[in-house]
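Residue numbers (this note's numbering): 162 to 609.
Where is the CB? At the ideal position from N, CA and C, for every residue including glycine.
Report on the following structure.
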């Protein structure tokens, strides 16, 4: 059997891959491994939350049962965003947290992710130990030693909202904002936080019924938000995904403001305030060259990591950096959060608008996105990509042609016989031509 944990917890089709039995067994094992730092000095405490998916109800019950059977007192906070659970672990003095969500995935999927006592996602080594512990016998507590269950959704939501609103350098002063909550975990707390910060809020995609999460709304379906912003004459729109760990935006003209532009806005704001640690922004290899050029002009160093917010976070923690993220809208503001937080990100961007008096379009214009073309080449031996001389020669030739106004990236898939060819260039035609030429070389040289 392959590794159970993926890049963001355990995820799959609910009740097929992610079963109640798995949720219970994982939770027992996690209690044992994450409880080692406490020992027998006291009872462990855990906070459990979920997004609104129908399957989250039975999975949260299974997680709570597993934890309680291992002697852990459980506080169930109901439907809240993933970053809220991460915040509540240290805020409430918990030993671990568990979130049931498959983020932006379709409704039938669900997932389980754990947070340690500091509210951080687990390192690979801890996840491996939890997997191994699932196969071992354990001493079952009895009588008064079993865990107890407490329900505290209202108090937990209020604490999270209070926290993210108090991070703002300036109130939102009546900005008219449309919030698209993807019928997800932000449907209650997202609009409440925006209103508490001083915005005039209109809401779409905020009627979760357990079945409609991410369905036509949210950060992966921006057309509804674009139309709503234009119709209302709003100053901006913000869109969250199912568990609200990411945010994309729409300006008053209906144009999308992606994660690269959001990072650019926040990097310049923090640099101006003297709070951008080491004057460094951490992004991934998929962030647009336009972001790096904007940072170069500002004297800010941009580091790149592999794709995935966990790799961004690892680099940030290792280097002591406090701003990073992905083009998809995962933005990490480590002065205020331990993980990506879509609502926090939205508040910070809107606060920048309020404080400067500039529109979102003006702020986003700092990053001029170069045309980006992605070609997927399937049916190839991805393992030979980096070693094939002809492929690397073609890459070098493309890079020489593009110079400082373009970029080439070949990304072998981690799971499929596929190589992704990404090219950025000064114009779309050149980007498409270079990408097609490189794809042809990859197809010919690496064919299975």
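Unbroken alpha helix (DSSP H) run spanning residue i, endpoints
i, result
"residue 553", "550-563"
"residue 422", "420-434"
"residue 352", "350-357"
"residue 456", "450-459"
"residue 390", "384-393"
"residue 134", "Limits of the chain in this structure are 162 at one end and 609 at the other, which puts residue 134 out of reach."
"residue 539", "Where residue 539 is concerned, there is no enclosing alpha helix (DSSP H), although the beta strand (DSSP E) it sits in stretches over 533-539."
"residue 192", "181-195"
"residue 340", "That residue, residue 340, is in no alpha helix (DSSP H); its beta strand (DSSP E) goes 337-341."
"residue 287", "285-294"
"residue 315", "314-326"
"residue 572", "Not the alpha helix (DSSP H): residue 572 falls in the beta strand (DSSP E), residues 568-573."
"residue 300", "Element bounds for residue 300: n/a, residue is neither H nor E."
"residue 590", "589-607"
Distance, residue j Cα to residue i Cα
i, j, result
"residue 449", "residue 538", "21 Å"
"residue 569", "residue 274", "34 Å"
"residue 319", "residue 378", "25 Å"
"residue 413", "residue 425", "18 Å"
"residue 313", "residue 239", "8 Å"
"residue 192", "residue 205", "8 Å"
"residue 236", "residue 256", "11 Å"
"residue 215", "residue 580", "36 Å"
"residue 315", "residue 305", "28 Å"
"residue 491", "residue 259", "20 Å"
"residue 249", "residue 317", "7 Å"
"residue 575", "residue 476", "20 Å"
"residue 415", "residue 486", "23 Å"
"residue 288", "residue 391", "46 Å"
"residue 600", "residue 373", "38 Å"
"residue 189", "residue 182", "11 Å"
"residue 583", "residue 218", "40 Å"
"residue 175", "residue 270", "5 Å"
"residue 592", "residue 383", "25 Å"
"residue 586", "residue 531", "6 Å"
"residue 284", "residue 508", "29 Å"
"residue 291", "residue 369", "33 Å"
"residue 484", "residue 300", "43 Å"
"residue 220", "residue 173", "13 Å"
"residue 380", "residue 388", "14 Å"
Boundaries (first-last residue) of the beta strand (DSSP E) holding residue i
i, result
"residue 260", "257-261"
"residue 365", "361-365"
"residue 528", "That residue, residue 528, is in no beta strand (DSSP E); it is neither H nor E in DSSP."
"residue 486", "484-486"
"residue 510", "Element bounds for residue 510: not the beta strand (DSSP E) but the alpha helix (DSSP H), 503-517."
"residue 480", "It is not in any beta strand (DSSP E) - residue 480 instead sits in the alpha helix (DSSP H) that spans 470-480."
"residue 402", "First-last for residue 402: undefined, no H or E at that position."
"residue 272", "270-276"
"residue 409", "408-412"
"residue 493", "492-494"
"residue 585", "579-585"
"residue 171", "171-174"
"residue 466", "462-466"
Pair within 8 Å by beta-carbon distance, residue i and residue j
i, j, result
"residue 571", "residue 556", "yes"
"residue 541", "residue 494", "no"
"residue 302", "residue 200", "no"
"residue 429", "residue 418", "no"
"residue 411", "residue 386", "yes"
"residue 360", "residue 195", "no"
"residue 397", "residue 268", "no"
"residue 401", "residue 341", "yes"
"residue 280", "residue 251", "yes"
"residue 338", "residue 355", "yes"
"residue 229", "residue 307", "yes"
"residue 343", "residue 403", "yes"
"residue 254", "residue 171", "no"
"residue 282", "residue 407", "no"
"residue 439", "residue 328", "no"
"residue 262", "residue 212", "yes"
"residue 464", "residue 443", "yes"
"residue 227", "residue 184", "yes"
"residue 455", "residue 528", "yes"
"residue 330", "residue 358", "no"
heavy atom of the ligand GDP below 7 Å from residue i C-beta
i, result
"residue 325", "This structure simply doesn't include the ligand GDP, nor any ligand for that matter."
Inter-stretch contact (C-beta, 8 Å, three-pair minimum) for the region 347-358 and the region 503-519: Cβ pair count under 8 Å is three or more, so yes.
At least 3 beta-carbon pairs within less than 8 Å: the region 351-366 vs the region 538-558: no
Runs of alpha helix (DSSP H) lying entirely within the region 203-265, each at least 4 residues, in chain order: 215-230 and 243-252
Any 3 or more C-beta pairs closer than 8 Å across the region 245-256 and the region 321-333: As far as the Cβ criterion goes, the region 245-256 touches the region 321-333, which means the pair count is three or higher.
Inter-stretch contact at 8 Å, needing at least 3 Cβ pairs: the region 452-460 / the region 515-522: The region 452-460, when compared against the region 515-522, does not touch it at the 8 Å Cβ threshold.
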